[in-house]
Every structure is written in structure tokens, then in C-alpha cells.
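Chains as they are written, first to last, in my numbering: chain A, 9 to 159; chain B, 505 to 585.
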């Protein structure tokens, strides 16, 4: 009798409510062509953007349109709320957490008024990109987000 | 070391940084970007984001022992929009 060692799985939640799509569907080459790394995207239906996993906020843009989170297992993700939203200069974005804060999965980090993004004619699709491919063996989408198989 | 004043309208934000980090990662040399007393590894997107460089701010690029690479990367930062 032998035991197959089960590889460790890391569960990642979608940062907000909405439809989860492969990152390749993001109409921006930086994300869609995986320039930064693999991941997924969510088409938001809700303006509460949360931590996809337990971790520390490593970086938060003053405009609130993007932040990076690192898990204790060293997986880091960039959550970029909408495309070209840097141009809103923070309009419609309320930042609730700051750099260095420890957060739990599901905890709200940025609140967004999605109507501001819509009125500006911007796409609210939110890529979640994993920045360290060496920390993950496999990446698969789930109905709630994604599962990463750790080395 | 090359000193650059960032002209990009929104400073060093995620997308241009992504392209820059990709370029920087292609070199084996140690590459750092500094703003004031803060210094960051140019091959790490998160570290670069943490510098929070805005339009009109001055940054210093250093590519250890490779002036050609430094010129190419500095040019990219200057022309960034």
C-alpha cells in the first residue's frame, strides 16, 4: 500500500461578485497576453472589492484602482480594478485599507462606485494576476475564483 | 546612474510598469530604481508600485555594470506616457 502525497492547494476567491472569466478574455495585452503572469478576471456586478485570500497589502495605489496582496505562502497577486481606471485619479474609489495592513480573505479593501467607471466609458473588468509563477504549479478557475496548486 | 524626471501623465502605474519590469527582467544585472531615500528592485512589479512615482518626480535608475541596458531602460522611462 502506498500513499500518494496530495499537493497543496491554495484557494483564491474572486475579489468581487460577478462573472469569472479566463485572463485571456481581458481586452488589454498587459493582462490578456499574460505579460505579468497567469490569473483570472471578474466582470464586477458589485462595487465592494475584497482580499481574494489572507495576506498583507504590499502595495496600494493612491488612486485605489490597483493593489497588490501577498499571502503567507509568498503568492502575490495584483488586483487591477477596471482598465485604464488610473485616469479617474481616484474618483469613485474609496480606499479602506493601506499598505502594510493584514487582511482576511473576503475583507473589503476598496469600494468602487461602478457607475463612475461606466460613465467614463471604461471597462470595469478586474484582472487578478499572480506575479510569481515559480510559486505555483497549476492554475485552474473555479466558480468562486481559482485554485492554485503549490509546488 | 541615470536620473529621470517622469513625464507620464499618471506616473508609474501598473501597465507601463509591467512593460518596464518585463524589460528589466530580461537582464541578468542588478537593476534598481530609487526615489529619494526609497530604493526598489526594478524586476519586481510590487516593489516598483510601492515607490508610488508620480508625474514630475525624479527617479534614479541604476543598472550595475551595463550602461547600454541602462540607456535603453532610461529611454523607456523617459518616453513613457
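The beta carbon of each residue, even a glycine, is placed where N, CA and C say it ideally should be. These numbers come from a predicted model, not from an experiment.
Length of the line joining the Cα atoms of residue 21 (chain A) and residue 509 (chain B):
39 Å
Would you kindly work out how many angstroms separate the C-alpha atoms of residue 101 (chain A) and residue 67 (chain A), rounded to a whole number?
16 Å
Residue 95 (chain A) at chain B interface by Cβ criterion, 8 Å:
Yes, its Cβ sits closer than 8 Å to a Cβ of chain B.
Would you decide whether residue 582 (chain B) is buried or exposed? Buried here means 16 or more other CB atoms lie within 10 Å of its CB.
So residue 582 (chain B) counts as exposed.
Near residue 507 (chain B), which residues of its chain fall below 7 Å by C-beta distance, leaving aside the five closest residues on each side in sequence?
Answer for residue 507 (chain B): 562 and 564, listed in chain order.
With residue 38 (chain A) as the anchor, note down where its alpha helix (DSSP H) starts and where it stops.
For residue 38 (chain A), the enclosing alpha helix (DSSP H) begins and ends at 37-40.
Which runs of the alpha helix (DSSP H) fall wholly inside the stretch 508-573 of chain B and span at least 4 residues, in chain order?
518-529 and 549-555
From the DSSP output, read off the bridge partner residues of residue 79 (chain A).
Bridge partners of residue 79 (chain A): none, in fact.
Taking residue 90 (chain A) and residue 159 (chain A) to be in contact with their CB atoms under 8 Å, please state how far apart those CB atoms are, rounded to whole angstroms.
32 Å between Cβ atoms; not a contact.
Opposing strand residues paired with residue 26 (chain A) [DSSP bridges]:
A:52
Using a Cβ cut-off of 7 Å, pull out every chain B residue sitting near residue 139 (chain A), in sequence order please.
549 and 550
Counting contacts by CB-CB distance shorter than 8 Å, is residue 522 (chain B) in contact with chain A?
yes
For residue 71 (chain A), tell me which candidate among B:541, B:535 and B:558 has the shortest Cα-Cα distance.
The shortest Cα separation from residue 71 (chain A) among B:541, B:535 and B:558 belongs to B:558.
Is the separation between the beta-carbon of residue 137 (chain A) and that of residue 96 (chain A) shorter than 8 Å?
no
Using CA coordinates, which residue listed in A:76, A:153, A:104 and A:140 is at the minimum distance from residue 83 (chain A)?
A:140
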